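Engineer: Below: one structure in structure tokens.
Chains as they are written, first to last, in the working numbering: chain D, 2 to 458; chain V, 285 to 451.
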């Protein structure tokens, strides 16, 4: 069974631990008196961040865990503060004494460590990568994140679902539409309404456009990190043009605040022209890039994630599909009707992730084309009264499966939890490093292109 | 490969694309003039994200695409704060990042300026204040100029840089 998320709710009288698998949800009651959970890391190693987060957020101990370091609470974070408990209401916090963080490192003769970040050399989000090196060869890498921790889960508690849309749009800009769709699904379920096909199609078009923009950016940056800058020039032009289309359709270059229950009345002809032009450009790009042996020499066999390991670490999205796991939240009758096919590769290397992205751009273009043929602009009116309860939503963002859970109590958010696809995939990144040289790290990292903001929250 | 060169010969240079906005062209000329006079032709920017949604970073990356190609004007994004004239600061200045942005600022050689980018660092974005947010940035660093937007578009950023240079 694949694990999707593990998190805790403070129900005031006691805690509740939820373990979300792909086929079942397990709930356990925890007493507030010396609460303790059993680790799942021996069967699901990617649970370690979930469990370390639970410990930081709630002060719940994890028995049998192999890693008891703090995760979100970094060096200057005060001790014994557990912000996700309901009785925590501080709005300000002072810096505390510096508590050093002990990095995972391999010791030995002539083995040395390389520390990179949190502020990186490019225009990129902050995070820390810690390498153990034998010369140029990477022996081990630890990924350390949560520099961007904004406490969004806490921020949203007590708000109405109708006022959180702007914040949810901006959790991770490159997945904004996907986050908004997760919120949409939860509102629909809580108000017992169904979405008319017209809106389903409209939103699906925007989600695919977001995926196209994101993948195009990567299709430029991955070759650029292998020293092939002209691909970046070519693809960044295409992604800029696609972003301008997003601006025309939603009045925002990233589609922030655009998913609602009113129709945006997308222009058929305008979109069809864009699709036709981009299809031509992508065919040209593929033809050109596949024919550059020195580039594929860098891609092939670099940063391999085997299917066994991808399964063991419960990977999702592009990373999983490039390792031969046919998993995509869009694999539903609705999408299949419009010609959706899962795109997978078997080799699990940078080349495979590059090809998955390239094929997904082509797939998304064909999908938009088919969706447009059935599209009629028509909105709906949403009820403003929501039923209390706990609601789950799953959306395939441009990075992979996004999971959002909201518990509603009297029209307000009692608990907000979201598991960005990056949260799982970041934990599998170190598996791709051994056997590669450190100069290939940027290339491997970019081929996964994970979100820091969505991960850190 | 031959197809690439054929396409290139047929299409010419993209930055001469007629759809390129006329006003943007004018701003850029003016920008170039200011950079020549005040920064001896090259302005080095260190972009630092202190907890954004990654929209501001995407727009800064977009400044390098063929439509904007900022480097033509002598504006460079540099890899180290030690090479920078300006720190372009995005994000909510999170609790965990605050010590690091101060370190980065310390590492910059004088004279140096900080420009805040986007609504987050001035605490005008949609996010509420939490214990994990230390914005506004002016509580931690001297801010010379602000470029607003959520996120500011590449054009807004170019206009913003011009606004700063005119100060």
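The C-beta atom is built at its ideal place from N, Cα and C for all residues, glycine as well. In this text, all values refer to a predicted model and were calculated from it rather than measured experimentally.
1) Using the DSSP secondary-structure output, state which residues sit across from residue 37 of chain D in a beta bridge.
2) Let me make sure I understand the geometry here. Which of D:399, D:144, D:352 has the alpha-carbon closest to that of residue 330 of chain D?
3) From the DSSP secondary-structure annotation, give me the bridge partner or partners of residue 328 of chain V.
4) How is the beta strand (DSSP E) around residue 394 of chain D delimited, first residue to last?
5) Quick check: what's the CA-CA separation for residue 451 of chain D versus residue 42 of chain D?
6) Tell me which residues of the stretch 415-433 of chain V have at least one Cβ-Cβ distance to chain D shorter than 8 Å, keeping chain order.
7) Whole beta strand (DSSP E) runs in the stretch 158-223 of chain D with 3 or more residues, listed along the chain?
8) Please name the residues in the stretch 325-343 of chain V whose beta-carbon is closer than 9 Å to at least one beta-carbon of chain D, in chain order.
9) Using a Cβ-Cβ distance cut-off of 8 Å, determine whether residue 302 of chain V contacts chain D.
10) I want to verify the contact list: residues of chain D whose CB lies under 8 Å from the CB of residue 384 of chain V, in sequence order.
11) If we ignore side chains and look at the alpha-carbon of each, how far apart do residue 451 of chain V and residue 341 of chain V end up?
12) Which residues, taken in chain order from the stretch 390-412 of chain V, show a beta carbon closer than 8 Å to some beta carbon of chain D?
13) Going along chain D, which residues have a C-beta under 9 Å from residue 345 of chain V?
14) Between which two residues does the beta strand (DSSP E) harbouring residue 129 of chain D extend?
15) Excluding the 5 residues preceding and the 5 following residue 300 of chain V in the sequence, name in chain order all residues of the same chain whose CB lies nearer than 6 Å to its CB.
16) Find out if the Cβ-Cβ distance for the pair residue 338 of chain V, residue 426 of chain D is shorter than 8 Å.
17) Against chain D, does residue 388 of chain V count as a neighbour if the rule is that its beta carbon must be under 8 Å from one of theirs?
18) Mind listing the chain V neighbours of residue 171 of chain D? Cutoff is C-beta to C-beta under 8 Å, in chain order.
19) Against chain A, with Cβ distances strictly below 8 Å, would residue 360 of chain V count as a contact?
20) So that I know if they touch, is there some Cβ in chain D lying closer than 8 Å to that of residue 307 of chain V?
21) Taking the alpha-carbon positions, what's the residue 346 of chain D to residue 448 of chain D distance?
22) Who are the neighbours of residue 294 of chain V on chain D, taking C-beta pairs under 7 Å?
23) Need the endpoints of the beta strand (DSSP E) that residue 144 of chain D sits in, please.
24) Residue range of the beta strand (DSSP E) that residue 9 of chain D falls in?
25) Distance check for residue 390 of chain D and residue 408 of chain D, CA to CA, integer angstroms please.
26) With the cut-off set at 8 Å, would you say residue 446 of chain V and residue 314 of chain V are in Cβ contact?
27) Of all the beta strand (DSSP E) runs that stay within the bounds of the stretch 384-456 of chain D, which reach a length of 3 or more residues?
28) Can you tell me the Cα-Cα spacing of residue 302 of chain V and residue 388 of chain V, whole angstroms?
29) List the residues of chain V whose Cβ lies closer than 9 Å to the Cβ of residue 283 of chain D, in chain order.
30) Which whole-angstrom value describes the C-beta separation of residue 411 of chain V and residue 94 of chain D, a residue pair presumed to lie in contact below a C-beta threshold of 8 Å?
31) Below 6 Å CB to CB, which residues in the same chain sit around residue 292 of chain V once its five sequence neighbours on both sides are set aside?
32) Quick check: the Cα distance between residue 107 of chain D and residue 70 of chain D, rounded to an integer number of angstroms?
33) Any beta-carbon of chain D closer than 8 Å to the one on residue 287 of chain V?
34) Please classify residue 26 of chain D: does DSSP put it in a helix, a strand, or coil?
Structural biologist: This is what the structure holds:
1) D:62
2) D:399
3) V:360
4) 390-397
5) 22 Å
6) 415, 416, 417
7) none
8) 330, 331, 332, 333, 334, 335, 336, 337, 338, 339, 340, 341, 342, 343
9) Note that residue 302 of chain V scores a pLDDT of 49, beneath 50, so its modelled location is shaky; the value from the coordinates is reported in the next line. Cβ-Cβ to chain D under 8 Å: no for residue 302 of chain V.
10) 119, 120, 127, 148
11) 25 Å
12) 409, 410, 411, 412
13) 123, 124, 125, 218, 222, 237
14) 129-135
15) Residue placement at residue 300 of chain V is poorly supported in this model, since its pLDDT is 49, which falls under 50; the coordinates still yield a value, given next. Counting only Cβ-Cβ distances below 6 Å, and skipping sequence neighbours, we find nothing.
16) no
17) yes
18) 337, 339, 409, 410, 411, 434
19) Absent from the structure is chain A; the protein chains it does hold are D and V.
20) no
21) 14 Å
22) Within chain D, no residue comes near residue 294 of chain V; the closest Cβ sits about 11 Å away, beyond 7 Å.
23) 138-145
24) 4-11
25) 6 Å
26) yes
27) 390-397, 402-410, 413-420
28) Because residue 302 of chain V carries a pLDDT of 49, less than 50, the predicted location of this residue cannot be relied on, and the following value inherits that uncertainty. Their backbone Cα atoms lie some 41 Å apart in a straight line.
29) Within 9 Å Cβ-Cβ: nothing; residue 283 of chain D doesn't reach chain V, min ~13 Å.
30) Contact flag wrong, Cβ pair sits at about 16 Å.
31) none
32) 17 Å
33) yes
34) strand
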